[in-house]
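Undergrad: Take this structure, written in structure tokens, and hold onto it; I'll ask about it next.
Encoded structure:
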């Protein structure tokens, strides 16, 4: 023991010691393993790494930027060596909270929120904001659950949706999210230009209206020109370097925060010192103060009363006796404060909604107004008109983009110190903060600002000032400048993020025609995707109206959020083992409510935009599905499919289906050659034509050998069969098995293919056309055994003869017949198959003809009438013909053919001593002689007939061994048996034995069977020689296996002279019915 322990210790102490059990020459220098503690596993370490190396890789994991290859591929040891990056150190506040805050608070808050409050009132505005914030909060909860269920590389919602719902949903929603982000960029740019031309530099407008009616169109044209120039500048900045955009991010964020603080400061100041922004009203109608300076009809200068500029706008002359507008003459001009302050009671009026149509006057309720005989508003008069019709759902669609941006934290997950902690906390806190800001702003705006000023979208009544700016402190310019830079920065962020999102989709390869957008500069910047983003963004700029662009991007964002909620709900309900989020405050009901709310908001905002967005997503989904998404991401939809399949299989009855539901569920037995290529590809073409993608199809093939030796061939055969299935558009499953012999393998396929109630009921195979050749002596035996096994298993059988002449899926038959020879009734499969084939475009123009055989005692006319009635009740269109077969005498040809068949069969039997049996006999004789030396006691004390020796055959490169014992064992050879067998085989090889074969007489039973085959073949060939396809009842094999080769000959004679034949053998049960 001491020596043994010493040796073990010495061996373990020498690193990289050569071992007699390890071929050290096969181990590369870089893959040598320290010591031998894992020597038992080292052959598998290439695919099953050591735990230490795995943990090391996980510890050094760094997220890749959005749009690059999957982190699984980048971590591959064989790939290019990655550059070392600094460990991310961003926390919750900087990495998630502030980016979400910047993305959520934006252009709608500054340009449209006051108008929304004025039109819908405080109550309905509160509901609009509450629904939108509730939608984003529920989505954020679902997103937090997904984001904390493992490491989420940068990619935001696209990554989460695609990995949770699969490539089809991921691609569709990813592109929709890309479009939403791109149109968001267009909205931010339009907001920037609106602020610039309306509030900062109105004189910079290129297009100027000659009359007030053309102001709107001129403004839209200015937006298009300046917006296009702004896109070019921003795209150039992004192309030059994203680092400049990131450096300005803090500046843009500071602008947002300072603007919001200015609003709250202005509200507080308005309580004791409201700002002075008077508005002028004629009657109860609001006047635009841009065209006059004094809110009065006339003023007194000294002792003289003179008219004002306002008088001249409504009257034909400045004189007091001038003819004036009727409404101007009947109503007084009054001036009220536009910002009465929070201490006023204006909130009582602003609680309720004031919706209106396009072109209506902005009127203050409660003031006297005398309406004259004027029928329409004159746009040349200085009234403030509503530019668009307002109603609840339209305002909802315009407002929703103001709550988007909740994905900013998940998009930056690669830069976070602890993404699984920071994303939920930062995102939910940002939503809570912004929801508080929006809800309080609604109440404060309604409590501080006059209603007609709130409804004045462009601030015409307050000297063209930004309405929200009139409330701010210390100056309106704080809001104007802050909102300008905020919207400008948001546009840059959108033009930065959208191309990377498209690059991520393109590099995933799930949408083939988008792969070009995965390319970029050497540093990974998505150049082509940036150009695509700019082009799509230009479409939004050409729309030119912020109010029309906002609902478009609302649809795409709502669809994205809906699928985030769906992903979380699915994963929770399916309870997949990998679903273990660290964020615990979620429930599938919350996700379901969030998904329902997103869907409801889509159709409430704009049902036609919602349908277009869903159509786009549906088309992308079907395209990815059609092209065959090859990605497998362990998604929830696949898990849902598995659960649905399990549920359906458990509900399926084990018994046969009802006749009305019966359809051929096929098991196709394919043969492959030495290179694992399919020998008869037309068999799959015929399957496609017969099945048309309906029901179950299993493609089975058998390789001879052992699975360990044939594993590579199995994979190659499986790949070749699946490739052929794809080419022939055969929808089904492939199953390649390895067996010690083909006979057992085919039997295993017939017995075990399928699962539960989803099993095959029909077997399809090709006729063994080389069955007469001695090179393939077992093929016809296997074929006959398949016929017997399908009969025993109550399965239908279809045998395609001359399968290589069957049509491909691209061929079309412009006429011709499908002939059915109904000899015996075995379930009606003969009737059903031609109907199924006629549904395919290859056979659609072929007519069905049904032939049946009448014996001498049958009434042919009545048989035809009965068959026509039967087909009518089956709803099948076919010509009917009854063929009479007279009981003729057996011809000499039939007698001669039967004799030749039996002579051939007898010769095969006499030559049946196989090569293995001959070798076993030779080995036994040689070893028997040696046995006298090795077993003298056994051979001396026992008579020869009691000596039992067992021959143990070895492989062909070694000798056989012999063991002799007393008693009886299987496969015994005695001396007398060897001599008897030798004499028996000598008899058949003598000239006398051969002479007996040629003098034999045929068996009468075989003569009658041959007579039937010959006569029936004559009738079939006479009627159906030119048919496109002949379907024929297949007779069963004989009960006595001694006549199997004769059975093959009968089938050969039966189908001679026919081009395409399908032999049908039914399962015995009815597969077609006349009842509904």
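Numbering (my numbering), first residue to last: 3 to 1078.
Glycine is no exception: its CB is placed at the ideal position from the N, C-alpha and C atoms.
1. Spatial neighbours of residue 108 within its chain, please: C-beta separation below 6 Å, excluding the five flanking residues on both sides.
2. Taking contact to mean at least 3 C-beta pairs separated by less than 8 Å, is the segment 759–768 in contact with the segment 720–727?
3. Do the CB positions of residue 118 and residue 448 come within less than 8 Å of each other?
4. At the level of alpha carbons, what is the spacing between residue 1066 and residue 805?
5. Can you tell me which of 545, 399, 579 and 274 puts its alpha carbon nearest to the alpha carbon of residue 152?
6. What is the DSSP secondary structure of residue 269, reduced to helix, strand or coil?
7. Hey, how far is the Cα of residue 191 from the Cα of residue 576?
8. Just the C-alpha distance for residue 704 and residue 673, rounded to the nearest angstrom, thanks.
9. Which residue from 833, 1009, 706 and 428 puts its Cα closest to that of residue 879?
10. Report the residue from 767, 558 and 92 whose alpha carbon sits nearest the alpha carbon of residue 620.
11. Residue 316: buried (16+ other C-beta within 10 angstroms of its C-beta) or exposed?
12. Among 846, 646 and 185, which has the Cα closest to the Cα of residue 495?
13. Please state whether DSSP places residue 1079 in a helix, a strand or coil.
14. Secondary structure at residue 734, three-state DSSP: helix, strand or coil?
15. By how many angstroms is the C-alpha of residue 772 removed from the C-alpha of residue 707?
16. For residue 313, which residues in the same chain have their Cβ closer than 7 Å to its Cβ, ignoring the five residues on either side in sequence?
17. Give, in chain order, every unbroken run of the beta strand (DSSP E) that is at least 3 residues long and sits entirely within the segment 346–382.
18. May I have the straight-line CA-CA distance separating residue 437 from residue 398, to the nearest angstrom?
19. Give me the residue from 693, 678 and 698 with the minimum Cα distance to residue 713.
20. Nearest-angstrom Cα distance between residue 541 and residue 522?
21. Spell out the partners DSSP gives residue 798 in its beta bridges.
22. Can you tell me whether DSSP reads residue 328 as helix, strand or coil?
23. Taking one C-beta from the segment 1010–1024 and one from the segment 1046–1055 each time, how about it: are there three or more such pairs within less than 8 Å?
24. Where DSSP assigns a beta bridge to residue 853, which residues make up the other side?
25. What first and last residue would you give for the alpha helix (DSSP H) that runs through residue 400?
26. Tell me whether residue 570 is buried or exposed, calling it buried when 16 or more other Cβ atoms sit within 10 Å of its Cβ.
27. Can you tell me the Cβ-Cβ gap for residue 470 and residue 234, rounded? I've got them flagged as a contact below 8 Å.
28. In terms of residue numbering, what span does the beta strand (DSSP E) encompassing residue 451 cover?
29. So, for residue 529: in the same chain, excluding its five sequence neighbours on each side, which residues have a beta-carbon less than 6 Å away from its beta-carbon?
30. Identify the continuous alpha helix (DSSP H) that holds residue 123 and give its terminal residues.
31. Compute the distance between the beta-carbons of residue 366 and residue 288, then report whether it is under 8 Å.
32. Using C-beta distances below 6 Å, list every residue in its chain close to residue 103, excluding the 5 sequence neighbours before and after it, in chain order.
33. With which residues is residue 700 paired in a DSSP beta bridge?
34. Between residue 356 and residue 120, how many whole angstroms is the CB-CB distance? I'm expecting something under 8 Å.
35. Examine the Cβ distances between the segment 137–145 and the segment 552–568 and report whether three or more of them are shorter than 8 Å.
TA: According to the structure shown:
1. Position 106 of the chain shown, counted from the start, is the residue given in the question as residue 108. Contacts found: 492.
2. no
3. In the chain shown, counting from the first residue as 1, residue 118 sits at position 116. In the chain shown, counting from the first residue as 1, residue 448 sits at position 446. No, they are not a contact pair.
4. In the chain shown, residue 1066 corresponds to position 1064, counting from 1. In the chain shown, residue 805 corresponds to position 803, counting from 1. Approximately 14 Å, taken between the alpha carbons.
5. Mapped onto the chain shown, residue 152 falls at position 150. Ranking 545, 399, 579 and 274 by Cα distance to residue 152 puts 579 first.
6. Within the chain shown, numbered from 1, the residue matching residue 269 stands at position 267. Helix.
7. In the chain shown, the residue the question calls residue 191 occupies position 189. In the chain shown, the residue the question calls residue 576 occupies position 574. Answer to the nearest angstrom: the Cα atoms are 43 Å apart.
8. For the purposes of this step, residue 704 is identified with residue 702 of the chain shown, where counting begins at 1. For the purposes of this step, residue 673 is identified with residue 671 of the chain shown, where counting begins at 1. Whole-angstrom Cα-Cα distance: 7 Å.
9. The residue labelled residue 879 in the question sits at position 877 within the chain shown. Closest by alpha carbon: 833.
10. Start at 1 with the first residue of the chain shown, and residue 620 comes out as number 618. Answer by Cα proximity: 558.
11. On the chain shown, residue 316 is found 314 positions in, with the first residue counted as 1. Buried.
12. The residue labelled residue 495 in the question sits at position 493 within the chain shown. Ranking the options by Cα distance to residue 495, first place goes to 185.
13. The first residue shown for the chain is 3 and the last is 1078, placing residue 1079 beyond what the model contains.
14. On the chain shown, residue 734 is found 732 positions in, with the first residue counted as 1. Reduced to three states, the DSSP call for residue 734 is coil.
15. Your numbering for residue 707 matches position 705 in the chain shown. Your numbering for residue 772 matches position 770 in the chain shown. Cα to Cα, residue 707 sits roughly 22 Å from residue 772.
16. As a working mapping, residue 313 is identified with position 311 in the chain shown. So the qualifying residues of the chain are 299, 300 and 320.
17. none
18. The residue you call residue 437 lines up with position 435 of the chain shown. The residue you call residue 398 lines up with position 396 of the chain shown. Their backbone Cα atoms lie some 15 Å apart in a straight line.
19. For this step, residue 713 is matched to residue 711 along the chain shown. The shortest Cα separation from residue 713 among 693, 678 and 698 belongs to 678.
20. As a working mapping, residue 541 is identified with position 539 in the chain shown. As a working mapping, residue 522 is identified with position 520 in the chain shown. Each residue's alpha carbon lies about 23 Å from the other.
21. Counting from one through the chain shown, the residue named residue 798 turns up at place 796. Answer by DSSP bridge pairing, in chain order: 764.
22. Walking along the chain shown from the start, residue 328 turns up at place 326. Residue 328: helix per DSSP, three-state reduction.
23. yes
24. Looking up residue 853 in the chain shown gives position 851. DSSP lists 823 and 883 as partners of residue 853.
25. Start at 1 with the first residue of the chain shown, and residue 400 comes out as number 398. First-last of the alpha helix (DSSP H) with residue 400: 394–401.
26. As a working note, residue 570 is residue 568 in the chain shown. Label assigned to residue 570: buried.
27. Against the chain shown, residue 470 aligns to sequence position 468. Against the chain shown, residue 234 aligns to sequence position 232. Rounded, the Cβ-Cβ distance is 30 Å, inconsistent with contact.
28. Position 449 of the chain shown, counted from the start, is the residue given in the question as residue 451. Premise fails: residue 451 is in no beta strand (DSSP E) and is neither H nor E.
29. For the purposes of this step, residue 529 is identified with residue 527 of the chain shown, where counting begins at 1. Closer than 6 Å at the Cβ level, and outside the excluded window around residue 529, lie 522 and 523.
30. Locating residue 123 in the chain shown gives position 121, counting from the first residue. Note, residue 123: alpha helix (DSSP H), 115–149.
31. Indexing the chain shown from 1 puts residue 366 at position 364. Indexing the chain shown from 1 puts residue 288 at position 286. Yes.
32. Counted from its first residue, the chain shown places residue 103 at position 101. Within the same chain, residue 103 has close Cβ partners 432.
33. As a first step, residue 700 must be located in the chain shown, where it is residue number 698. DSSP output for residue 700 lists 669 and 735 as bridge partner(s).
34. As a first step, residue 356 must be located in the chain shown, where it is residue number 354. As a first step, residue 120 must be located in the chain shown, where it is residue number 118. Indeed they touch by this definition, with Cβ atoms about 7 Å apart.
35. yes
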